[in-house]
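Q: I'd like to ask some things about the structure below.
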Ligand SMILES: [Zn+2]
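Numbering (the numbering used here), first residue to last: 811 to 1284.
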C-alpha cells in the first residue's frame, strides 16, 4: 500500500519549487529598467560606430568591461588578432551651386574604408548620362557600388561617388543606406551614401541641364587594429556555462543604435539584474556559469573566440545572441531563431513557451514566435557547419538569436514544420519578419529607434533573463 502522505509531500515540494521559480521570474521582470537600457544605447552611440580595433571600439570595450565590473561581474577584455580597420575623423559634403540646393544634403554618410580627400569642389555628373569623361567630377548614381563599378569610376577620373542605392523611394527615402567599401588601404576615391530624395533631386536637376558644383572632403584613418571582446561572468557552482552575447560594433559603420547598441544594452541589463538578484540573495548562485560577451567585431570576434576556446567549447550549454532588439516597424513581436537547427530544439522550446506564457501581459510582447535560419549573425558561428570551417571541435551547441527586427523590409518565410506559437497572430505556416526602417543607415539613431520604442529591449531582456532562470539554475 502506498503511504498517502508521500504523494502529498511530493506535490508540496514541487509546487513550492514552481512558486519559487515564478517568484524569481516576477522579480527579474520587475527589476528590468527601461531607463538603464535607453541610457546605455545613448552612451554607446555617442562613442561613434564602435568598430572593433578603432579608438571608438576600444572606448566602447573599456566602458562595457567597467560597467560589468560595476554590476559585480568579473570582466576580461580579450584581444582579437589585428585586422585592417577604418575610422573617419570628419567629412563634408554639400552643394555649393546652385544656392537653392545648398540645404539639400543632411542625413548622408561617408562609406567605410573611403580614403581621405583634401577639401575641394567638383562638378556633379550623372553616371547614366555622362559616364565618358569623368575627370575631376563627382558622380551621382542609384546603383549599388560594386567593386567593378568602383574601379571603373576611379579609372575614369571621378574624384568621388554619391550613391543613393538601393534607389527605391519606399526604403531609405530621407536617409542613406550605408555600403562600406572593401577593407583596403588603396581605395582610390571616397564614396558618399546619400538618401533617395537627395539623389533624385540632384539627378533631376542634372537632367534639366543645371550645373551643380559640390564641396567635399574626407579625413579618414585606415590601419591595423585589434578588436576587443569583453567577457563578463556570473560564476556558477558547476562546470557548464551559458553565453549571452551581442556584437558591439555598428557593422555598417553608421550610428548603429538598433544594430547593435540595443543588443549590447540588453546583455548588460540581463547581467545587472541577475547579478543583483544573486548578490541580494533573492536567488542562489547559478549552477551553470553565465558568460556575458560583447564581440568587438561581428563574426570576426566570435570566430576568434571559438578558435581560442578549442575543447572548452564542450562546456557551453547554450548561446543566446542579441542582434537588433531596439525597434520593429510593424509588429510588437519578439523572435527566436533558428528553429530549423535540430539541436536548438530544447532551448527554443523554452523560449517559445516563455513567448506564449507571457504574451499580452503588461510589460511584455504582444506576439512571439520562433523562426527558421536567416543567417548573418554571431549565433551562426557556434553551429557545426561554421565550427568545421574554423577547425574547432564539432560539438552541438544550441545557439539562438533573439531580436525584434531584421533587414530593411518585411520578409515572409515559411515556418519550420512542427513549430508553431500560440503567441503568433498570423497564419501558423508563415512567419513575417519585422524590419527596421533605419537598418544599416545614417539614421539608425536612438531618437528614431530605441527612444521611440524602448520596450523592445525590455522584452528581449525579460525573455532571456527568464529563460536563464529556467536553465542555468537547474
Ligand atoms: Zn547586427
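Note that CB positions come from ideal geometry on N, CA and C, so glycine has one too.
Starting from the C-beta of residue 1174, find all residues in its chain whose C-beta is less than 7 angstroms away, skip the five residues before and the five after it, and write them out in chain order.
A: Once the five neighbours on either side are set aside, the close Cβ partners of residue 1174 are 1168, 1269 and 1272.
Q: Under DSSP, the beta strand (DSSP E) around residue 1177 begins and ends at which residues?
A: Residue 1177 -> beta strand (DSSP E) spans 1177-1181.
Q: Please work out which residues of its chain come closer than 8 angstroms, Cβ to Cβ, to residue 970, disregarding the five sequence neighbours upstream and downstream, and give them in chain order.
A: Beyond the five residues adjoining it in sequence on each side, residue 970 comes within less than 8 angstroms, by CB distance, of 927, 932, 948, 949, 999, 1000, 1001, 1002 and 1026 in the same chain, given in chain order.
Q: Roughly how many angstroms separate the alpha carbons of residue 924 and residue 990, rounded to a whole number?
A: 8 angstroms
Q: Pair every Cβ in the segment 1046-1064 with every Cβ in the segment 952-959, then say whether three or more of these pairs are closer than 8 angstroms.
A: no
Q: Output yes or no for whether 8 angstroms exceeds the beta carbon distance between residue 1068 and residue 1176.
A: no
Q: Could you name the residues, in chain order, whose CB is less than 5 angstroms away from a heavy atom belonging to ligand 2?
A: Among the ligands in the structure shown, ligand 2 does not appear; only ligand 1 can be found there.
Q: What do you reckon, are the CB atoms on residue 1098 and residue 1165 nearer than 8 angstroms?
A: no
Q: Between the segment 1110-1126 and the segment 875-882, do at least 3 Cβ pairs fall closer than 8 angstroms?
A: no
Q: List the endpoints of the continuous alpha helix (DSSP H) containing residue 965.
A: Residue 965 -> alpha helix (DSSP H) spans 957-965.
Q: Quick check on the DSSP output: the alpha helix (DSSP H) that includes residue 1364 runs from which residue to which?
A: The chain is shown only over 811 to 1284; residue 1364 falls outside these bounds and no answer can be derived.
Q: For residue 820, which of helix, strand or coil comes out of DSSP?
A: Summary for residue 820: the model assigns pLDDT 49, below 50, so the residue's position carries little reliability, and this model does not support an answer.
Q: Measure the CB-CB distance between residue 862 and residue 895 and report whether it falls below 8 angstroms.
A: yes
Q: How should residue 1130 be labelled, buried or exposed, when 16 other C-beta atoms within 10 angstroms of its C-beta is the threshold for buried?
A: buried
Q: Which residues in the same chain as residue 912 place their Cβ atom closer than 6 angstroms to its Cβ, once the five residues preceding and following it in sequence are excluded?
A: 905
Q: Output the boundary residues of the beta strand (DSSP E) element that contains residue 936.
A: 927-936
Q: For residue 835, collect the residues of the same chain with a Cβ closer than 7 angstroms to its Cβ; drop the 5 residues on either side in sequence, then sort them by chain order.
A: So the qualifying residues of the chain are 1276 and 1279.
Q: On a CA-only basis, which of 1232, 839 and 897 is nearest residue 920? Give me that one, please.
A: 897
Q: Tell me whether residue 1105 sits in a helix, a strand or coil according to DSSP, three-state version.
A: strand
Q: Assign residue 950 to one of three DSSP states: helix, strand, or coil.
A: Secondary structure at residue 950: strand, using DSSP grouped into helix, strand and coil.
Q: By alpha-carbon positions, which one of 852, 1145 and 845 ends up nearest to residue 1258?
A: 852
Q: Is it buried or exposed, residue 1267, if we count other Cβ atoms within 10 angstroms and call 16 or more buried?
A: buried
Q: Quick check on residue 1204: buried or exposed, where buried means 16 or more other Cβ atoms within 10 Å of its Cβ?
A: exposed
Q: Measure from the alpha carbon of residue 1006 to the alpha carbon of each residue in 1264, 1252, 1284 and 1283, then state which is nearest.
A: 1252
Q: DSSP on residue 852, reduced to helix/strand/coil?
A: helix
Q: Rounded to whole angstroms, what is the Cα-Cα separation between residue 854 and residue 939?
A: 43 angstroms
Q: Considering only the beta carbon of each residue, do residue 1180 and residue 1231 sit closer than 8 angstroms?
A: Cβ atoms of residue 1180 and residue 1231: closer than 8 angstroms.
Q: Here's the rule I'm using: 16 or more other beta-carbon atoms within 10 Å means buried, otherwise exposed. How should residue 1114 be labelled?
A: With at least 16 other beta carbons inside 10 angstroms of its own, residue 1114 counts as buried.
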